[in-house]
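Participant:
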Amino acid sequence: MKILIIGSGGREYAIALKLKSEKHAHELYFAPGNGATLKLGKNLQIADFNELAKFAKNEGIELTIVGPEAPLSAGVVDIFKSFGLEIFGPTKAAARLEASKAYMKDFLAKNAIKTAKYLNTSDAQTAFDFIDTLKAPVVVKADGLCAGKGVIIATSLDEAKSAVRDMLSGESFGEAGKRVVVEEFLDGFELSFFAICDGKNFVSLPVAQDHKRLLDNDKGPNTGGMGAYAPSPLADENLIKKIENEIVKPTLIGMQNENEPFCGVLFVGVMVVNNEPFVLEFNVRFGDPECEVLMPLIDGDLSEILLNAAKGKLAPIKLKDEFAVGVVIASKDYPYKNSPKERIKVGQIPKSSELIYAGVSEENGEIYANGGRVLVCVGRAKSIKQAQQNAYELCKNVEFNGKQYRKDIAWQVLK
Ligand code: AMP
Ligand code: GLY
1 MKILIIGSGG REYAIALKLK SEKHAHELYF APGNGATLKL GKNLQIADFN ELAKFAKNEG
61 IELTIVGPEA PLSAGVVDIF KSFGLEIFGP TKAAARLEAS KAYMKDFLAK NAIKTAKYLN
121 TSDAQTAFDF IDTLKAPVVV KADGLCAGKG VIIATSLDEA KSAVRDMLSG ESFGEAGKRV
181 VVEEFLDGFE LSFFAICDGK NFVSLPVAQD HKRLLDNDKG PNTGGMGAYA PSPLADENLI
241 KKIENEIVKP TLIGMQNENE PFCGVLFVGV MVVNNEPFVL EFNVRFGDPE CEVLMPLIDG
301 DLSEILLNAA KGKLAPIKLK DEFAVGVVIA SKDYPYKNSP KERIKVGQIP KSSELIYAGV
361 SEENGEIYAN GGRVLVCVGR AKSIKQAQQN AYELCKNVEF NGKQYRKDIA WQVLK
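Numbering of the sequence shown is given in UniProt numbering, commencing with residue 1 and proceeding in unit increments.
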């Protein structure tokens, strides 16, 4: 099959590796891809989605998979569909579940899905009055997409009010912050829950946990994610059923009622409080780095699963009886500023692990670190402990100046 993957990160590279492992050979295209996807297929420099759809039509692309949220909320799925192309991902309207926190929270309220108590407003005084009814800490969120930075956990009511002030003035996040969601703080543990959806039906993937903070012991600033593992034993059968029945199913029914059936990956950021799952956020795509640990756990052809989902004919899937741990190797100054470009030297890649390339470029056949999150070392095994060891073995086998990574990925279950 000819398959186009939109995106350029580790998530997209991991999807491509999984496709490459299938028994049928696929021809892969990336828009734009990175310095290492060049070895798996063709990188396209076509930024305009109409032009990209024209290319896909002419080239006979049979399936397009969209990695990141930005093209989804810009309507790439709608454009590809108007060309009669098969594409896996939600429409622009359905992508509002991620693109607008206000829309998402109102949707949850309307469909009686558990989430933190909240207020959605563009008026400062209304927000202040609501804040006065809460106890600190208070969570203040910009409505629009802010590349994961639009959430402030304020430790006092005054701090919450000044966060509201800075957002509404446009100072913090521009247009994305001109509406805010203020919500109560939920105290529990977080899970990343993924469901592949075809509009009506879904299949759940292994439950993952992300590690958002830069440093060991969850210290330091928030990042895009420094590592992940799956499946998490913290999500037992009972909790998974609750998430499926009380969150995923009503969301799919709710979206059908809005006439915007949800096709794509529904990624629920779950906070578990006293064994009850609450929705923190929805994303409408695979997580990164969660995708890197989920791909090796799927038993069967991803191309077939996603094409069926795109056509509204999702079938059950099989999962491997294994664990995967993924450790992100970031560049020296991540997440504060760009780091100098550095050549990457790769040693041996053991059989039970995979090296995923993210923020990299290519020059004369050499691969260079040129982004924040550069590589993800994924280890697989029958136990989490062994999978973790396999991932860290691989971390030792890749070198570039300034490389940094957490040493405690999966600590939640290996304490
Ligand atoms: P979000 O983008 O909404 O998932 O928020 C980013 C992060 O902020 C989450 O992964 C949580 O760690 C934290 N967070 C968001 N909302 C809340 C909440 N209501 N209570 C506690 N933590 C939260
Ligand atoms: N790892 C979290 C995300 O992709 O949003």
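For glycine and all other residues, C-beta sits at the position ideal for the given N, C-alpha and C.
With a cut-off of 8 Å, does the C-beta of V327 fall near any C-beta of chain B?
Facilitator: Reference to chain B is not applicable here, since this structure consists of a single protein chain.
Participant: Please report the distance separating the alpha-carbon of Y29 from that of L119.
Facilitator: Counting from one through the sequence shown, the residue named residue 29 turns up at place 29. Counting from one through the sequence shown, the residue named residue 119 turns up at place 119. One C-alpha to the other measures close to 43 Å.
Participant: Going by DSSP, what residues sit across from E281 in a beta bridge?
Facilitator: Numbered from 1 along the sequence shown, position 281 holds the residue referred to as residue 281. Partner(s): G269.
Participant: Only counting the same chain, and skipping five residues up and downstream in sequence, which positions put a Cβ closer than 8 Å to that of R213?
Facilitator: Position 213 of the sequence shown holds residue 213. Same-chain partners within the cutoff: K219, G220, P221, N222, T223, M226.
Participant: The beta strand (DSSP E) that contains R213, what's its start and end?
Facilitator: Within the sequence shown, numbered from 1, the residue matching residue 213 stands at position 213. Residues 213-215.
Participant: Tell me, to the nearest whole angstrom, how far the beta carbon of H211 is from that of I409; I am working on the premise that it is less than 8 Å.
Facilitator: Start at 1 with the first residue of the sequence shown, and residue 211 comes out as number 211. Start at 1 with the first residue of the sequence shown, and residue 409 comes out as number 409. About 6 Å; that satisfies the 8 Å criterion.
Participant: Is any heavy atom in the ligand GLY found nearer than 7 Å to the beta carbon of P289?
Facilitator: To locate residue 289, count along the sequence shown from 1; it is residue 289. Yes, the Cβ of P289 comes within 7 Å of a heavy atom of the ligand GLY.
Participant: May I ask you to report which of helix, strand or coil DSSP gives Y336?
Facilitator: Sequence index remark: in the sequence shown, residue 336 carries index 336 (1-based). DSSP places Y336 in coil when its eight states are reduced to three.
Participant: Kindly indicate which residue of G312, L52, G269, Q386 has the alpha-carbon position closest to the one of E322.
Facilitator: As a position in the sequence shown, residue 322 is number 322, starting the count at 1. With distances taken between Cα atoms, E322 lies closest to Q386.
Participant: Nearest by alpha-carbon distance to A103: which of L134, F193, F282 is it?
Facilitator: Working through the sequence shown from its first residue, we reach residue 103 at position 103. It should be noted that the sequence gives Tyr, not Ala, for residue 103. Of the candidates L134, F193, F282, the one whose C-alpha sits nearest the C-alpha of Y103 is F282.
Participant: Any heavy atom of the ligand GLY inside 7 Å of the beta-carbon of N222?
Facilitator: In the sequence shown, the residue the question calls residue 222 occupies position 222. Not so, every heavy atom of the ligand GLY lies at least 7 Å from the Cβ.
Participant: Please identify the residue among G75, F286, V273, G254 whose C-alpha is closest to the C-alpha of L266.
Facilitator: On the sequence shown, position 266 is the one that residue 266 refers to. The option with the nearest alpha carbon to L266 is F286.
Participant: Under 8 Å between the Cβ atoms of G326 and Y229?
Facilitator: Along the sequence shown, read from residue 1 onward, the residue named residue 326 stands at position 326. Along the sequence shown, read from residue 1 onward, the residue named residue 229 stands at position 229. Yes. Within cutoff.
Participant: Please classify F323: does DSSP put it in a helix, a strand, or coil?
Facilitator: As a working note, residue 323 is residue 323 in the sequence shown. The answer is strand: DSSP assigns F323 an E or B state.
Participant: For P289, which three-state DSSP category applies?
Facilitator: For this step, residue 289 is matched to residue 289 along the sequence shown. Looking at P289 - three-state DSSP - the assignment turns out to be coil, as it is neither helix nor strand.
Participant: Nearest-angstrom Cα distance between V180 and E98?
Facilitator: Counting from 1 along the sequence shown, the entry for residue 180 is found at position 180. Counting from 1 along the sequence shown, the entry for residue 98 is found at position 98. Cα-Cα distance, rounded: 14 Å.
Participant: Should M271 be counted as a contact of the ligand AMP given a C-beta to heavy atom distance under 7 Å?
Facilitator: As a working note, residue 271 is residue 271 in the sequence shown. Yes - the ligand AMP has a heavy atom lying nearer than 7 Å to the Cβ of M271.
Participant: Would you tell me roughly how many angstroms separate the C-alpha atoms of K101 and V279, rounded to the nearest one?
Facilitator: Mapped onto the sequence shown, residue 101 falls at position 101. Mapped onto the sequence shown, residue 279 falls at position 279. So the alpha carbons of these two residues sit roughly 12 Å apart.
Participant: Just to check my reading of the structure: L4 and A31 have Cβ atoms closer than 8 Å, yes? What is that Cβ distance to the nearest angstrom?
Facilitator: By 1-based counting over the sequence shown, the position of residue 4 is 4. By 1-based counting over the sequence shown, the position of residue 31 is 31. Confirmed, about 6 Å.
Participant: What's the gap between the Cα of K141 and the Cα of V151?
Facilitator: Within the sequence shown, numbered from 1, the residue matching residue 141 stands at position 141. Within the sequence shown, numbered from 1, the residue matching residue 151 stands at position 151. Between K141 and V151, the C-alpha separation is close to 5 Å.
Participant: By DSSP, does F80 sit in helix, in strand, or in coil?
Facilitator: In the sequence shown, the residue the question calls residue 80 occupies position 80. Three-state result, F80: helix.
Participant: Would you please state the rounded distance, in angstroms, between the beta carbons of V182 and I131? I believe it to be under 8 Å.
Facilitator: The residue you call residue 182 lines up with position 182 of the sequence shown. The residue you call residue 131 lines up with position 131 of the sequence shown. Contact flag correct, Cβ pair sits at about 6 Å.
Participant: What first and last residue would you give for the alpha helix (DSSP H) that runs through R11?
Facilitator: Walking along the sequence shown from the start, residue 11 turns up at place 11. Per DSSP, R11 belongs to the alpha helix (DSSP H) from 10-20.
Participant: For the ligand AMP, is there any heavy atom lying closer than 7 Å to the beta carbon of F30?
Facilitator: As a working mapping, residue 30 is identified with position 30 in the sequence shown. False, no ligand heavy atom lies under 7 Å from that Cβ.
Participant: May I ask you to verify whether the segment 367-377 touches the segment 390-407, counting CB pairs closer than 8 Å and requiring at least 3?
Facilitator: yes
Participant: How is the beta strand (DSSP E) around A309 delimited, first residue to last?
Facilitator: Within the sequence shown, residue 309 is the residue found at index 309, counting from 1. Per DSSP, A309 belongs to no beta strand (DSSP E); it is in the alpha helix (DSSP H), 302-310.
Participant: Assuming G254 is part of the alpha helix (DSSP H), what are its boundary residues?
Facilitator: Within the sequence shown, residue 254 is the residue found at index 254, counting from 1. That run of the alpha helix (DSSP H) goes 249-257.
Participant: Quick one: is E292 buried, meaning 16 or more other Cβ sit within 10 Å of its Cβ, or exposed?
Facilitator: In the sequence shown, counting from the first residue as 1, residue 292 sits at position 292. With 16 or more Cβ atoms within 10 Å of its Cβ, E292 is classed as buried.
Participant: Mind checking whether L63 and E86 have CB atoms under 8 Å apart?
Facilitator: Looking up residue 63 in the sequence shown gives position 63. Looking up residue 86 in the sequence shown gives position 86. Contact flag set, yes.
Participant: Answer yes if the segment 329-339 comes into contact with the segment 234-249, meaning at least three C-beta pairs across the two stretches below 8 Å, and no otherwise.
Facilitator: no
Participant: Compare the C-alpha of A14 against each of Y357, L414, E393, E304 and name the closest.
Facilitator: Position 14 of the sequence shown, counted from the start, is the residue given in the question as residue 14. The option with the nearest alpha carbon to A14 is Y357.
Participant: So does D210 have its beta carbon nearer than 7 Å to some heavy atom of the ligand COA?
Facilitator: Among the ligands present in this structure, namely the ligand AMP and the ligand GLY, the ligand COA is not found.
Participant: Beta carbon of V180: closer than 7 Å to some heavy atom of the ligand AMP?
Facilitator: In the sequence shown, residue 180 corresponds to position 180, counting from 1. No, the Cβ of V180 stays beyond 7 Å of every heavy atom of the ligand AMP.
Participant: Determine, using beta carbons only, whether residue 449 and F193 come nearer to each other than 8 Å.
Facilitator: Because the chain is modelled from 1 through 415, residue 449 falls outside the range shown and cannot be assessed.
Participant: For residue 421, write down the residues that DSSP places opposite it in a beta bridge.
Facilitator: The requested residue 421 does not occur in the structure, where the chain is confined to residues 1 to 415.
Participant: Let's test the definition: count the other Cβ atoms within 10 Å of the Cβ of F202 and tell me whether it reaches 16, buried, or not, exposed.
Facilitator: Here residue 202 refers to the residue found at position 202 of the sequence shown. It counts as buried.
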